[in-house]
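Numbering (our numbering), first residue to last: 246 to 602. Glycine is no exception: its CB is placed at the ideal position from the N, C-alpha and C atoms. Heads up: the structure comes next, in C-alpha coordinates.
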(Lines of atoms letter the chains of each structure in order from A and count residues from 1; the text may use other names and numbers.)
(Lines give C-alpha, C1' and ligand atoms only; values in the text may rest on other atoms or scores of the structure.)
Protein backbone atom coordinates (compact mmCIF):
# COMPACT_ATOMS: atom_id res chain seq x y z
CA UNK A 1 0.00 0.00 0.00
CA UNK A 2 1.18 3.51 -0.84
CA UNK A 3 -0.61 6.69 0.18
CA UNK A 4 0.41 10.07 -1.17
CA UNK A 5 -0.70 13.69 -1.37
CA UNK A 6 -0.02 16.72 -3.54
CA UNK A 7 1.03 19.48 -1.12
CA UNK A 8 2.58 22.92 -1.20
CA UNK A 9 5.85 23.83 0.50
CA UNK A 10 5.11 26.52 3.08
CA UNK A 11 8.63 26.85 4.53
CA UNK A 12 12.14 25.44 4.36
CA UNK A 13 12.84 24.49 7.97
CA UNK A 14 16.40 23.21 7.50
CA UNK A 15 18.90 22.51 4.73
CA UNK A 16 21.78 20.10 5.21
CA UNK A 17 24.28 18.75 2.72
CA UNK A 18 21.91 15.89 1.91
CA UNK A 19 18.38 16.82 2.99
CA UNK A 20 15.80 19.59 2.87
CA UNK A 21 13.38 19.57 5.79
CA UNK A 22 10.15 21.11 4.59
CA UNK A 23 7.01 22.47 6.17
CA UNK A 24 3.96 21.63 4.04
CA UNK A 25 0.24 22.37 3.99
CA UNK A 26 -0.73 18.69 3.99
CA UNK A 27 0.16 15.26 5.28
CA UNK A 28 1.72 15.42 8.71
CA UNK A 29 2.88 18.95 7.96
CA UNK A 30 6.57 18.22 7.49
CA UNK A 31 8.48 16.30 4.86
CA UNK A 32 12.00 15.20 3.95
CA UNK A 33 13.41 15.86 0.50
CA UNK A 34 16.52 13.85 -0.34
CA UNK A 35 18.79 16.06 -2.40
CA UNK A 36 20.48 13.06 -4.03
CA UNK A 37 17.12 12.18 -5.59
CA UNK A 38 15.29 15.46 -6.27
CA UNK A 39 15.91 19.09 -7.19
CA UNK A 40 15.80 21.68 -4.44
CA UNK A 41 12.51 23.48 -3.84
CA UNK A 42 11.48 26.85 -2.47
CA UNK A 43 8.45 28.12 -0.60
CA UNK A 44 5.38 27.88 -2.82
CA UNK A 45 6.56 24.88 -4.84
CA UNK A 46 4.30 21.85 -5.11
CA UNK A 47 5.49 18.34 -4.31
CA UNK A 48 4.07 14.84 -4.09
CA UNK A 49 4.67 13.30 -0.67
CA UNK A 50 4.54 9.68 0.46
CA UNK A 51 2.45 9.60 3.64
CA UNK A 52 2.28 5.83 4.16
CA UNK A 53 4.44 5.56 7.30
CA UNK A 54 2.98 8.62 9.01
CA UNK A 55 -0.58 7.44 8.38
CA UNK A 56 0.32 4.08 9.94
CA UNK A 57 1.96 5.84 12.93
CA UNK A 58 5.11 3.77 12.51
CA UNK A 59 8.42 4.35 14.22
CA UNK A 60 9.89 5.02 10.78
CA UNK A 61 7.29 7.77 10.37
CA UNK A 62 7.36 11.24 11.82
CA UNK A 63 8.18 12.66 8.41
CA UNK A 64 6.45 12.44 5.08
CA UNK A 65 8.85 11.75 2.20
CA UNK A 66 8.96 13.79 -1.00
CA UNK A 67 8.31 11.52 -3.95
CA UNK A 68 8.42 14.10 -6.76
CA UNK A 69 8.68 17.84 -7.33
CA UNK A 70 5.74 18.81 -9.51
CA UNK A 71 6.66 22.19 -10.96
CA UNK A 72 10.21 21.39 -12.09
CA UNK A 73 10.54 20.51 -15.76
CA UNK A 74 13.97 18.91 -15.19
CA UNK A 75 14.04 16.41 -12.35
CA UNK A 76 17.80 16.48 -11.83
CA UNK A 77 18.99 15.96 -8.27
CA UNK A 78 20.38 18.94 -6.39
CA UNK A 79 23.58 17.05 -5.56
CA UNK A 80 25.84 16.41 -8.54
CA UNK A 81 28.08 13.37 -8.09
CA UNK A 82 30.86 11.82 -10.11
CA UNK A 83 29.48 9.68 -12.86
CA UNK A 84 29.00 6.04 -11.99
CA UNK A 85 26.91 3.27 -13.49
CA UNK A 86 25.98 1.24 -10.39
CA UNK A 87 22.31 1.73 -9.62
CA UNK A 88 20.75 1.94 -6.17
CA UNK A 89 17.03 1.70 -5.40
CA UNK A 90 17.07 -0.50 -8.48
CA UNK A 91 13.86 -0.70 -10.53
CA UNK A 92 12.10 1.90 -8.40
CA UNK A 93 11.06 5.31 -9.69
CA UNK A 94 13.92 6.92 -7.75
CA UNK A 95 16.66 4.54 -8.89
CA UNK A 96 19.87 6.51 -9.30
CA UNK A 97 23.48 5.92 -10.24
CA UNK A 98 26.40 6.07 -7.81
CA UNK A 99 30.16 5.76 -8.03
CA UNK A 100 30.72 2.46 -6.23
CA UNK A 101 34.26 2.00 -4.94
CA UNK A 102 34.68 -1.33 -6.74
CA UNK A 103 33.13 -0.44 -10.12
CA UNK A 104 35.23 -0.29 -13.30
CA UNK A 105 35.15 3.51 -13.57
CA UNK A 106 36.19 4.00 -9.93
CA UNK A 107 39.76 5.12 -9.21
CA UNK A 108 39.91 2.39 -6.54
CA UNK A 109 38.77 -0.43 -8.85
CA UNK A 110 42.23 -2.03 -8.80
CA UNK A 111 42.04 -2.64 -5.04
CA UNK A 112 39.41 -5.32 -5.52
CA UNK A 113 41.27 -7.60 -7.93
CA UNK A 114 42.77 -9.62 -5.09
CA UNK A 115 41.40 -11.70 -2.24
CA UNK A 116 40.78 -10.21 1.18
CA UNK A 117 42.37 -11.50 4.37
CA UNK A 118 41.30 -9.61 7.49
CA UNK A 119 44.30 -10.98 9.42
CA UNK A 120 42.53 -11.23 12.79
CA UNK A 121 41.08 -7.73 12.48
CA UNK A 122 38.27 -7.19 14.98
CA UNK A 123 35.02 -6.10 13.34
CA UNK A 124 32.22 -4.87 15.58
CA UNK A 125 28.58 -5.70 14.88
CA UNK A 126 25.96 -3.24 16.02
CA UNK A 127 22.18 -3.58 15.86
CA UNK A 128 20.74 -0.22 16.85
CA UNK A 129 21.47 3.14 15.28
CA UNK A 130 21.31 4.74 18.74
CA UNK A 131 24.51 2.85 19.64
CA UNK A 132 26.53 4.77 17.06
CA UNK A 133 27.04 8.13 18.84
CA UNK A 134 27.81 6.28 22.09
CA UNK A 135 30.52 4.34 20.26
CA UNK A 136 31.87 7.53 18.68
CA UNK A 137 32.26 9.44 21.95
CA UNK A 138 33.69 6.42 23.76
CA UNK A 139 36.24 6.12 20.98
CA UNK A 140 37.20 9.78 21.22
CA UNK A 141 37.80 9.40 24.96
CA UNK A 142 39.69 6.10 24.85
CA UNK A 143 41.57 6.48 21.56
CA UNK A 144 40.98 9.91 20.09
CA UNK A 145 43.11 9.48 16.96
CA UNK A 146 41.60 6.16 15.85
CA UNK A 147 39.29 6.45 12.81
CA UNK A 148 35.78 5.00 13.04
CA UNK A 149 34.88 3.29 9.75
CA UNK A 150 31.22 2.27 9.57
CA UNK A 151 29.60 -0.03 7.02
CA UNK A 152 25.86 0.58 6.69
CA UNK A 153 23.95 -2.41 5.40
CA UNK A 154 20.54 -2.11 3.78
CA UNK A 155 18.16 -3.98 6.08
CA UNK A 156 16.77 -0.74 7.58
CA UNK A 157 16.77 2.83 6.23
CA UNK A 158 18.11 3.02 2.68
CA UNK A 159 18.94 6.76 2.66
CA UNK A 160 21.57 7.36 5.31
CA UNK A 161 20.87 11.08 5.15
CA UNK A 162 17.68 10.77 7.21
CA UNK A 163 19.81 10.25 10.32
CA UNK A 164 20.43 13.25 12.57
CA UNK A 165 23.33 11.35 14.13
CA UNK A 166 25.01 11.00 10.75
CA UNK A 167 24.46 14.64 9.85
CA UNK A 168 26.65 15.49 12.85
CA UNK A 169 29.18 12.69 12.54
CA UNK A 170 29.84 13.30 8.83
CA UNK A 171 31.51 16.56 9.85
CA UNK A 172 34.08 14.71 11.94
CA UNK A 173 37.38 14.12 10.08
CA UNK A 174 37.94 10.69 11.67
CA UNK A 175 34.45 9.40 10.90
CA UNK A 176 33.93 7.46 7.67
CA UNK A 177 30.78 5.80 6.35
CA UNK A 178 30.25 3.46 3.42
CA UNK A 179 26.74 2.46 2.35
CA UNK A 180 26.36 -0.96 0.82
CA UNK A 181 23.73 -2.94 -1.05
CA UNK A 182 20.75 -0.68 -1.78
CA UNK A 183 21.53 1.79 1.01
CA UNK A 184 23.06 5.07 -0.09
CA UNK A 185 24.39 8.39 1.18
CA UNK A 186 27.63 7.42 2.90
CA UNK A 187 31.02 8.98 2.26
CA UNK A 188 31.48 6.13 -0.23
CA UNK A 189 29.16 3.62 -1.91
CA UNK A 190 29.72 -0.10 -2.32
CA UNK A 191 28.00 -3.23 -3.59
CA UNK A 192 28.39 -5.56 -0.61
CA UNK A 193 29.80 -5.95 2.89
CA UNK A 194 32.90 -7.84 1.70
CA UNK A 195 34.07 -5.09 -0.65
CA UNK A 196 33.25 -2.51 2.02
CA UNK A 197 35.60 -4.31 4.39
CA UNK A 198 38.21 -4.56 1.65
CA UNK A 199 38.05 -0.83 0.96
CA UNK A 200 38.42 0.05 4.63
CA UNK A 201 41.36 -2.31 5.11
CA UNK A 202 43.14 -0.78 2.12
CA UNK A 203 42.43 2.87 2.92
CA UNK A 204 42.73 3.14 6.72
CA UNK A 205 45.50 2.34 9.18
CA UNK A 206 44.28 0.67 12.38
CA UNK A 207 40.59 1.58 12.06
CA UNK A 208 37.76 0.75 14.45
CA UNK A 209 35.47 -1.11 12.02
CA UNK A 210 31.74 -1.33 12.63
CA UNK A 211 28.96 -2.99 10.61
CA UNK A 212 25.49 -1.71 11.38
CA UNK A 213 22.10 -0.58 10.06
CA UNK A 214 20.53 2.80 9.56
CA UNK A 215 17.44 3.94 11.47
CA UNK A 216 14.17 2.06 11.10
CA UNK A 217 14.91 -1.55 12.03
CA UNK A 218 11.93 -3.90 11.83
CA UNK A 219 10.70 -6.28 14.50
CA UNK A 220 7.62 -8.48 14.54
CA UNK A 221 7.66 -10.13 17.96
CA UNK A 222 8.58 -13.44 16.29
CA UNK A 223 11.62 -15.66 16.66
CA UNK A 224 13.34 -14.71 13.39
CA UNK A 225 11.34 -11.80 11.98
CA UNK A 226 13.62 -8.84 12.65
CA UNK A 227 16.07 -6.81 10.58
CA UNK A 228 19.12 -7.36 12.72
CA UNK A 229 19.11 -11.12 12.30
CA UNK A 230 21.57 -10.14 9.55
CA UNK A 231 24.20 -9.77 12.27
CA UNK A 232 24.79 -13.51 11.92
CA UNK A 233 25.53 -13.08 8.21
CA UNK A 234 28.00 -10.30 8.98
CA UNK A 235 29.71 -12.43 11.62
CA UNK A 236 30.01 -15.37 9.24
CA UNK A 237 31.51 -13.16 6.53
CA UNK A 238 34.03 -11.64 8.94
CA UNK A 239 35.02 -15.07 10.25
CA UNK A 240 35.34 -16.58 6.77
CA UNK A 241 37.69 -13.75 5.80
CA UNK A 242 39.99 -14.31 8.77
CA UNK A 243 38.60 -11.62 11.05
CA UNK A 244 37.10 -11.67 14.53
CA UNK A 245 33.45 -10.63 14.89
CA UNK A 246 32.68 -8.75 18.11
CA UNK A 247 29.01 -8.42 18.98
CA UNK A 248 27.92 -5.21 20.70
CA UNK A 249 25.16 -6.56 22.93
CA UNK A 250 21.70 -5.07 23.08
CA UNK A 251 20.87 -4.94 26.79
CA UNK A 252 18.01 -3.48 28.79
CA UNK A 253 16.82 -3.50 32.37
CA UNK A 254 13.57 -1.62 31.73
CA UNK A 255 12.22 -2.65 28.32
CA UNK A 256 8.63 -3.77 28.84
CA UNK A 257 8.99 -6.50 26.22
CA UNK A 258 10.26 -9.67 27.84
CA UNK A 259 12.24 -10.70 24.73
CA UNK A 260 14.41 -7.57 25.09
CA UNK A 261 15.03 -7.79 28.85
CA UNK A 262 18.58 -8.61 29.94
CA UNK A 263 20.37 -9.63 26.74
CA UNK A 264 17.89 -9.05 23.92
CA UNK A 265 16.87 -11.98 21.78
CA UNK A 266 17.99 -9.79 18.85
CA UNK A 267 21.50 -10.54 20.11
CA UNK A 268 20.91 -14.04 21.47
CA UNK A 269 19.04 -15.63 18.55
CA UNK A 270 21.37 -14.81 15.64
CA UNK A 271 24.47 -15.36 17.76
CA UNK A 272 23.42 -18.76 19.11
CA UNK A 273 21.45 -20.24 16.22
CA UNK A 274 22.78 -18.77 12.98
CA UNK A 275 26.42 -17.87 13.57
CA UNK A 276 28.90 -20.42 12.23
CA UNK A 277 32.14 -18.77 13.29
CA UNK A 278 33.86 -18.01 16.59
CA UNK A 279 32.56 -14.74 18.01
CA UNK A 280 33.28 -12.49 20.97
CA UNK A 281 30.50 -11.08 23.14
CA UNK A 282 31.69 -8.39 25.59
CA UNK A 283 29.45 -7.78 28.60
CA UNK A 284 29.50 -5.60 31.72
CA UNK A 285 30.36 -7.39 34.96
CA UNK A 286 29.14 -6.44 38.40
CA UNK A 287 26.27 -6.57 40.85
CA UNK A 288 23.96 -4.31 38.84
CA UNK A 289 24.48 -5.86 35.39
CA UNK A 290 24.55 -9.49 36.46
CA UNK A 291 21.19 -9.13 38.18
CA UNK A 292 19.69 -8.85 34.68
CA UNK A 293 21.98 -10.93 32.47
CA UNK A 294 23.25 -13.83 34.62
CA UNK A 295 20.75 -16.38 33.27
CA UNK A 296 21.58 -15.39 29.69
CA UNK A 297 25.31 -15.71 30.39
CA UNK A 298 24.83 -19.22 31.75
CA UNK A 299 23.01 -20.18 28.54
CA UNK A 300 25.58 -18.58 26.24
CA UNK A 301 28.47 -20.41 27.92
CA UNK A 302 27.06 -23.69 26.60
CA UNK A 303 28.03 -22.73 23.03
CA UNK A 304 31.71 -23.23 22.17
CA UNK A 305 31.72 -20.66 19.35
CA UNK A 306 30.83 -17.84 21.77
CA UNK A 307 33.58 -16.28 23.89
CA UNK A 308 32.29 -13.96 26.61
CA UNK A 309 34.57 -11.20 27.85
CA UNK A 310 33.68 -8.85 30.70
CA UNK A 311 34.50 -5.34 31.87
CA UNK A 312 33.83 -4.19 35.44
CA UNK A 313 30.80 -1.92 35.52
CA UNK A 314 32.57 0.21 38.16
CA UNK A 315 34.96 1.31 35.41
CA UNK A 316 32.19 1.88 32.89
CA UNK A 317 29.77 4.05 34.90
CA UNK A 318 32.17 7.03 35.28
CA UNK A 319 33.24 6.66 31.67
CA UNK A 320 29.63 6.91 30.51
CA UNK A 321 29.22 10.11 32.53
CA UNK A 322 32.14 11.60 30.60
CA UNK A 323 30.62 10.40 27.32
CA UNK A 324 27.30 12.10 28.06
CA UNK A 325 29.06 15.37 28.90
CA UNK A 326 31.09 15.13 25.69
CA UNK A 327 28.00 14.71 23.52
CA UNK A 328 26.33 17.95 22.34
CA UNK A 329 22.93 16.23 22.53
CA UNK A 330 21.34 13.79 25.01
CA UNK A 331 22.30 10.18 24.27
CA UNK A 332 19.17 8.05 24.21
CA UNK A 333 17.86 4.70 23.05
CA UNK A 334 14.15 4.16 22.48
CA UNK A 335 13.76 7.58 24.10
CA UNK A 336 15.56 6.44 27.27
CA UNK A 337 18.62 8.23 28.66
CA UNK A 338 21.56 6.72 30.52
CA UNK A 339 19.77 7.40 33.80
CA UNK A 340 16.63 5.55 32.64
CA UNK A 341 18.34 2.42 31.24
CA UNK A 342 22.02 2.31 32.21
CA UNK A 343 22.32 -1.37 31.29
CA UNK A 344 21.96 -0.59 27.58
CA UNK A 345 24.83 1.90 27.71
CA UNK A 346 26.98 -0.43 29.82
CA UNK A 347 26.73 -3.06 27.08
CA UNK A 348 27.99 -0.67 24.41
CA UNK A 349 30.77 0.61 26.65
CA UNK A 350 31.90 -2.91 27.55
CA UNK A 351 32.31 -3.80 23.88
CA UNK A 352 34.27 -0.68 22.97
CA UNK A 353 36.49 -0.68 26.06
CA UNK A 354 37.40 -4.37 25.78
CA UNK A 355 39.49 -3.62 22.70
CA UNK A 356 40.82 -0.18 23.56
CA UNK A 357 42.54 -0.91 26.86
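Excluding five sequence neighbours on each side, which residues of the same chain lie with their C-beta closer than 8 Å to the C-beta of residue i?
{"i": "residue 462", "result": "372, 373, 374, 400, 401, 471, 472 and 473"}
{"i": "residue 328", "result": "342, 344 and 350"}
{"i": "residue 386", "result": "564, 567, 568 and 571"}
{"i": "residue 315", "result": "251, 290, 291, 292 and 293"}
{"i": "residue 368", "result": "442, 454, 455, 456, 479, 483, 488, 489, 490 and 491"}
{"i": "residue 562", "result": "587 and 591"}
{"i": "residue 258", "result": "266, 267, 268 and 275"}
{"i": "residue 288", "result": "254, 255, 256 and 257"}
To the nearest angstrom, how far is it from the Cα of residue i to the Cα of residue j?
{"i": "residue 560", "j": "residue 529", "result": "10 Å"}
{"i": "residue 538", "j": "residue 493", "result": "14 Å"}
{"i": "residue 355", "j": "residue 452", "result": "21 Å"}
{"i": "residue 515", "j": "residue 261", "result": "36 Å"}
{"i": "residue 573", "j": "residue 460", "result": "20 Å"}
{"i": "residue 570", "j": "residue 576", "result": "10 Å"}
{"i": "residue 464", "j": "residue 457", "result": "16 Å"}
{"i": "residue 584", "j": "residue 291", "result": "44 Å"}
{"i": "residue 251", "j": "residue 303", "result": "21 Å"}
{"i": "residue 334", "j": "residue 590", "result": "34 Å"}
{"i": "residue 443", "j": "residue 357", "result": "7 Å"}
{"i": "residue 495", "j": "residue 419", "result": "25 Å"}
{"i": "residue 269", "j": "residue 255", "result": "5 Å"}
{"i": "residue 548", "j": "residue 517", "result": "7 Å"}
{"i": "residue 284", "j": "residue 337", "result": "18 Å"}
{"i": "residue 551", "j": "residue 544", "result": "11 Å"}
{"i": "residue 417", "j": "residue 264", "result": "18 Å"}
{"i": "residue 404", "j": "residue 428", "result": "6 Å"}
{"i": "residue 475", "j": "residue 525", "result": "17 Å"}
{"i": "residue 348", "j": "residue 412", "result": "26 Å"}
{"i": "residue 597", "j": "residue 370", "result": "11 Å"}
{"i": "residue 534", "j": "residue 555", "result": "11 Å"}
{"i": "residue 448", "j": "residue 381", "result": "20 Å"}
To the nearest whole angstrom, what separates the beta carbons of residue i and residue j, a pair I think is in contact under 8 Å?
{"i": "residue 527", "j": "residue 595", "result": "4 Å"}
{"i": "residue 384", "j": "residue 391", "result": "6 Å"}
{"i": "residue 438", "j": "residue 396", "result": "6 Å"}
{"i": "residue 430", "j": "residue 536", "result": "That pair is no contact at about 41 Å."}
{"i": "residue 484", "j": "residue 440", "result": "The pair is not a contact, with the Cβ atoms about 17 Å apart (cut-off 8 Å)."}
{"i": "residue 279", "j": "residue 435", "result": "No, residue 279 and residue 435 are not in contact; Cβ-Cβ is about 19 Å, not under 8 Å."}
{"i": "residue 454", "j": "residue 394", "result": "5 Å"}
{"i": "residue 408", "j": "residue 425", "result": "Contact doesn't hold; Cβ gap of about 16 Å is too wide."}
{"i": "residue 366", "j": "residue 446", "result": "7 Å"}
In the DSSP assignment, find the unbroken beta strand (DSSP E) run with residue i in it and report its ends.
{"i": "residue 393", "result": "393 to 397"}
{"i": "residue 423", "result": "420 to 424"}
{"i": "residue 471", "result": "Segment: none, residue 471 is in no beta strand (DSSP E) and carries neither H nor E."}
{"i": "residue 378", "result": "Note, residue 378: premise wrong, no beta strand (DSSP E); alpha helix (DSSP H) at 376 to 387."}
{"i": "residue 247", "result": "First-last for residue 247: undefined, no H or E at that position."}
{"i": "residue 491", "result": "489 to 492"}
{"i": "residue 333", "result": "331 to 333"}
Between which residues of its own chain and residue i is the CB-CB distance below 6 Å, once the five residues before and five after are set aside?
{"i": "residue 363", "result": "486, 487 and 488"}
{"i": "residue 504", "result": "510"}
{"i": "residue 377", "result": "410"}
{"i": "residue 309", "result": "272, 273, 276, 294, 296 and 299"}
{"i": "residue 361", "result": "443 and 486"}
{"i": "residue 477", "result": "515, 519 and 520"}
{"i": "residue 313", "result": "293"}
{"i": "residue 601", "result": "387 and 388"}
{"i": "residue 346", "result": "353, 433, 435 and 444"}
{"i": "residue 578", "result": "375 and 589"}
Considering residue i, what are the terminal residues of the alpha helix (DSSP H) in which it resides?
{"i": "residue 441", "result": "438 to 448"}
{"i": "residue 454", "result": "Where residue 454 is concerned, there is no enclosing alpha helix (DSSP H), although the beta strand (DSSP E) it sits in stretches over 453 to 457."}
{"i": "residue 565", "result": "558 to 571"}
{"i": "residue 513", "result": "510 to 514"}
{"i": "residue 599", "result": "587 to 599"}
{"i": "residue 430", "result": "That residue, residue 430, is in no alpha helix (DSSP H); it is neither H nor E in DSSP."}
{"i": "residue 480", "result": "476 to 485"}
{"i": "residue 495", "result": "Here residue 495 belongs to no alpha helix (DSSP H), and DSSP marks it neither H nor E."}
{"i": "residue 328", "result": "Looking at the DSSP string, residue 328 is not in any alpha helix (DSSP H), and its letter there is neither H nor E."}
{"i": "residue 414", "result": "409 to 414"}
Looking only at its own chain, which residues have a Cβ that is under 7 Å from the Cβ of residue i, when we skip the five neighbours before and after it?
{"i": "residue 557", "result": "530 and 531"}
{"i": "residue 541", "result": "507, 508 and 513"}
{"i": "residue 339", "result": "282"}
{"i": "residue 249", "result": "293, 294, 295, 296 and 312"}
{"i": "residue 317", "result": "284"}
{"i": "residue 500", "result": "506"}
{"i": "residue 599", "result": "527, 554 and 556"}
{"i": "residue 498", "result": "537, 586 and 588"}
Does the distance between the C-beta of residue i and the nearest non-hydrogen atom of the ligand PLP fall short of 6 Å?
{"i": "residue 414", "result": "Within the structure as shown, the ligand PLP is missing, as the structure has no ligands at all."}
Sequence ranges, beta strand (DSSP E) only - wholly within the region 259 to 317, length at least 3: 264 to 269, 275 to 279, 291 to 295 and 309 to 314
Length-filtered (3 minimum) beta strand (DSSP E) runs lying within the region 516 to 556: 524 to 530
Segments assigned beta strand (DSSP E), at least 3 residues, entirely inside the region 339 to 366: 341 to 343
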